[in-house]
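Our numbering puts the sequence shown at residues 88 to 387. Just so you know, even glycine gets a beta-carbon here, dropped at the ideal spot from N, CA and C.
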Amino acid sequence: MKFKFTRRNNEASMKSRIESILQQMTNNSEDVTMNPTQLISLTGHDTVQLFTRECGVRSDLITLSGERIMGGTKAEEGDWPWQVSLQWSSSHRCGGALISNTWILSAAHCFRSYSDPRQWIATFGTSTTSPQQRVAVRSILIHDNYNPETHENDIALVQLDKEVTFNRYIHTVCLPEANQAISTGSTAYVTGWGSQSYSGSTVTNLQQARVNIISNYLCNAPAGYNGAVLSGMLCAGVPEGGVDACQGDSGGPLVQEDSRQHWFIVGIVSWGYQCGLPDKPGVYTRVPAYRHWITQKTGI
């Protein structure tokens with residue numbers, strides 16, 4: 088059970104309100120007893136342990152802006168704790184999502200010409216230049232059937248050389264089930280350090296953008312991608328354009344929140360025509376379609 092409060096609430100008022108709600112719940116239920124009604128204070132260490140035990144939990148329930156990565160809004164530490172910067176020779180190249188303490192989910196095209204794991208490192212935190220943690224890469228697993236011409240099976244797994252240390256700012260995103268539905272029109276968020284305009288430079292502070300899921304049917308219209316979006320892909324953006332991932336965001340996560348306020352990765356930034364154009368939304372690898380492949384390779 089989770090309780091939401093604004094930053095204006097002080098500790099005493101929050102505690103009193105929670106105790107009142109819990110007491111009302113126990114009074115109305117024969118199956119639950121709570122006598123006496125009392126909340127126990129946790130240490131910072133206890134809080135971190137509880138916080139990182141579950142996937143897809145964010146450190147703060149902030150209000151998310153609808154602005155875009157292209158000229159969009161800066162994310163704060165802990166907003167997207169699974170976000171990874173994958174760096175080639177210490178320069179940001181692609182994004183990724185932490186799915187365990189040793190595995191990262193990303194896009195196959197990131198490694199097409201950069202396949203030597205010894206040249207890659209993964210960094211964690213919102214800054215690519217002053218990260219909270221850096222970890223070397225042990226191996227890179229690209230989907231055997233990846234097709235760079237059609238962008239099919241644009242998915243890869245990156246195995247870290249050692250375990251990441253979880254904290255309130257660094258931990259995993261949840262993986263969807265293979266049959267998880269992704270509803271047309273539903274809200275999703277994409278994050279990354281990509282450029283804020285087509286052919287522009289990447290940024291050093293993590294950016295966030297709110298987009299909507301667009302049906303493959305609409306995405307494949309003649310004015311759009313004219314049939315190039317296949318079943319293992321999904322589209323997200325806004326019809327009028329202007330909100331999109333861009334160069335440098337490749338491999339990064341597209342996430343959605345469930346009813347329990349857990350975040351799931353539903354897409355991986357894959358391809359598109361330039362950035363943010365009308366009728367040309369971003370195209371993502373559809374993660375549920377590869378759930379069994381992920382388990383086969385990682386055991387997760």
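- Around the beta-carbon of I108, fewer than 16 other beta-carbon atoms lie within 10 Å, marking it exposed.
- Counting only the Cα atoms, T160 lies some 24 Å from A194.
- In the pairwise beta carbon analysis, the stretch 203 to 212 is classified as not touching the stretch 304 to 323: fewer than three pairs are separated by under 8 Å.
- Across the structure, T189 and S226 are spaced so that their CA atoms are roughly 11 Å apart.
- Boundaries cannot be given for H258, as no alpha helix (DSSP H) includes it and DSSP labels it neither H nor E.
- Around the Cβ of Q170, a 10 Å sphere holds 16 or more other Cβ atoms; the residue is buried.
- Across the set S346, G359 and S217, the C-alpha of G359 shows the shortest separation from the C-alpha of Y312.
- Taking C-alpha positions only, V325 is separated from Q111 by approximately 43 Å.
- The beta carbons of I242 and I355 sit closer together than 9 Å.
- The C-beta of S103 has fewer than 16 other C-beta atoms within 10 Å across all chains shown, which makes the residue exposed.
- Here A268 is exposed: its Cβ has fewer than 16 other Cβ atoms, across all protein chains shown, within 10 Å.
- Excluding five sequence positions before and after W175, the CB atoms of its chain that fall closer than 8 Å to its own CB belong to Y201, Q206 and W207, given in chain order.
- The Cβ atoms of S357 and Y371 sit closer than 9 Å to each other.
- Counting only runs that start and end inside the stretch 303 to 367, the alpha helix (DSSP H) elements of at least 4 residues fall at 303 to 306.
- In the three-state DSSP reduction, I381 falls in the helix class (H, G or I).
- In terms of Cα proximity to E250, the closest of L317, A265 and L185 is L185.
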